[in-house]
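Read through the structure below, which is laid out as structure tokens, and then see the notes.
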Amino acid sequence: MPASVATKLLECNPEGLETAAEILRQGGLVAFATETVYGLGADATNSAAVADIYQAKARPSFNPLIVHVADLAGVERLVTLNDTARKLAAAFWPGPFTMVLPLRTGAGISDLVTAGLNTLAVRIPANAAAQDLLRAFGGPVAAPSANRSGRISPTTAAHVMAELDGRIDAVLDGGPCPVGVESTIVGLAPQPTLLRPGGIPTEDVEAALGQPLAQPDSAPDAPTAPGQLASHYAPDAQLRLNAAHPNPGERVLGFGDVPCDLNLSPTGDLKEAAMHLFAALRQLDAAGSGPIAVSPIPDVGLGRAINDRLQRAAAPRP
Ligand code: TXA
Ligand code: MG
8 MPASVATKLL
18 ECNPEGLETA
28 AEILRQGGLV
38 AFATETVYGL
48 GADATNSAAV
58 ADIYQAKARP
68 SFNPLIVHVA
78 DLAGVERLVT
88 LNDTARKLAA
98 AFWPGPFTMV
108 LPLRTGAGIS
118 DLVTAGLNTL
128 AVRIPANAAA
138 QDLLRAFGGP
148 VAAPSANRSG
158 RISPTTAAHV
168 MAELDGRIDA
178 VLDGGPCPVG
188 VESTIVGLAP
198 QPTLLRPGGI
208 PTEDVEAALG
218 QPLAQPDSAP
228 DAPTAPGQLA
238 SHYAPDAQLR
248 LNAAHPNPGE
258 RVLGFGDVPC
268 DLNLSPTGDL
278 KEAAMHLFAA
288 LRQLDAAGSG
298 PIAVSPIPDV
308 GLGRAINDRL
318 QRAAAPRP
């Protein structure tokens, strides 16, 4: 990919889908809508294409990426599933759910996708734009969120353009992302372990498993997910969390029936709040530079994913 390209904005119709699939076949980069956030996609078997993802995002290190496929047959070609993995696959795929599973030898996935690990993060997205693109392309697509490294994840095609215009070949516009936070990531090595809270509530995963999820060993120097880095998803403005009342000069990102500048969900609906979270942070950034006080958000269900993202957005910047 040249340093600056004219980024095409493609409509999600048969012509746009075929153009997007052809760009992927040629080793190019296409951002596309999933139900969680927009992903920056490349052919997961093409190391040069995957290397371009890191360059376009200005991601400092080669962290492992999630591979997206259209169906379970596609998953089975890449990884091995035990009974637990099959149970979770049946419960949550297609959907906002990712599993880290043993990579099959000869699966053909670039080492840049796995960062040399013998496991692979895989996901079957549910939304139509992602499904149609994966079927048109016909192979595994590696895709991290389509933002510059460390910044707010995009939930509309316009957000992607604001981040990556001129750095990627195309954006396939699938409309706003209905879930709004990234997928829940579960590792099975071999204990079912929560690697990242996300679009499937942790409680739902534990109910499907019939047992609690383990928490990853805390190894702050060796995060297995960039989403586990302390500062991530960061707006320009400073955030203050669990703020029952604003301090002078603060703007308020509200939740529930509170006076505020912008409300994630006036009725206190966590699903609605997750859907609006990243767009709200962008909107507040665009509207001014003063600090943002964020209302308390219950730490249950999707609230755990929302609080996880807010804590990283509020963390001291490197
Ligand atoms: O909703 C999502 O998951 C979005 C959409 C585009 O699908 N994708 C996404 O990808 O958030 P990304 O690359 O930003 O985050 C994937 C996370 C990374 O933090 C990575 O470290 C972790 O998954 N991961 C990938 N492979 C792994 C592996 N083999 N072991 C442990 N963690 C892994
Ligand atoms: Mg990301």
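Position in the sequence shown (from 1) plus 7 gives the number in my numbering.
The beta carbon of each residue, even a glycine, is placed where N, CA and C say it ideally should be.
Since the structure is predicted, the reported quantities are computational estimates derived from the model, not experimental observations.
Asked	Found
Any non-hydrogen atom of the ligand MG closer than 8 Å to E189 Cβ	yes
DSSP three-state assignment for E213, whether helix, strand or coil	helix
Three-state secondary structure (DSSP) of Y240	coil
beta-carbon I73 near the ligand TXA non-hydrogen atom, thresh 8 Å	yes
Sufficient close CB pairs (3 or more, under 8 Å) joining the segment 94-108 to the segment 50-57	no
Other residues of its chain near S68: CB distance less than 7 Å, five sequence neighbours each side excluded	none
H75 - partner residues in DSSP beta bridges	R130, V148
Option nearest G182 by Cα separation, candidates E29, T43, R84	T43
Any non-hydrogen atom of the ligand TXA closer than 8 Å to G102 Cβ	no
The ligand TXA heavy atom lying under 8 Å from the CB of Y240	no
Collapsed DSSP secondary structure at L291 in the structure displayed	helix
Beta carbon of L288 nearer than 9 Å to that of P242	yes
Contact between the segment 254-271 and the segment 125-141 (3+ Cβ pairs under 8 Å)	no
Check: S152 C-beta below 8 Å from any heavy atom of the ligand TXA	yes
S160 Cβ short of 8 Å to the ligand MG heavy atom set	yes
Buried/exposed call for S11, threshold 16 Cβ in 10 Å	exposed
Supposed close pair Y45, P208 - CB separation, criterion 8 Å	With 8 Å as the limit, Y45 and P208 do not qualify as a contact, their Cβ atoms being about 22 Å apart.
Between the CA atoms of L16 and Q33 - distance to the nearest angstrom	18 Å
DSSP-derived helix/strand/coil call for A40	strand
Cut-off 6 Å between Cβ atoms - residues of its own chain near A164, not counting five sequence neighbours on either side	V178, D180
6 Å CB neighbourhood of E189 in its chain, flanking five on each side removed	T43, V44, G205
Sequence-distant residues of the same chain with beta carbon closer than 7 Å to S156, five excluded per side	K64, A65, R66, P67
Cβ neighbour criterion (16 or more within 10 Å) applied to V307	exposed
Same chain, Cβ closer than 6 Å to G48, five either side skipped, listed in chain order	V37, F39, V148, A150
Between the CA atoms of T126 and A196 - distance to the nearest angstrom	9 Å
C-alpha distance - P298 paired with L110, whole-angstrom precision	44 Å
Chain-order list of residues whose beta-carbon lies under 6 Å from that of G310 (same chain, five-residue window excluded)	L277, I304
Euclidean distance between Cα positions of D90 and A96	10 Å
Beta-ladder partner(s) of R324, from DSSP	None, per the DSSP bridge assignment.
Best match in R158, I192, N154 for proximity to V74 [C-alpha to C-alpha]	I192
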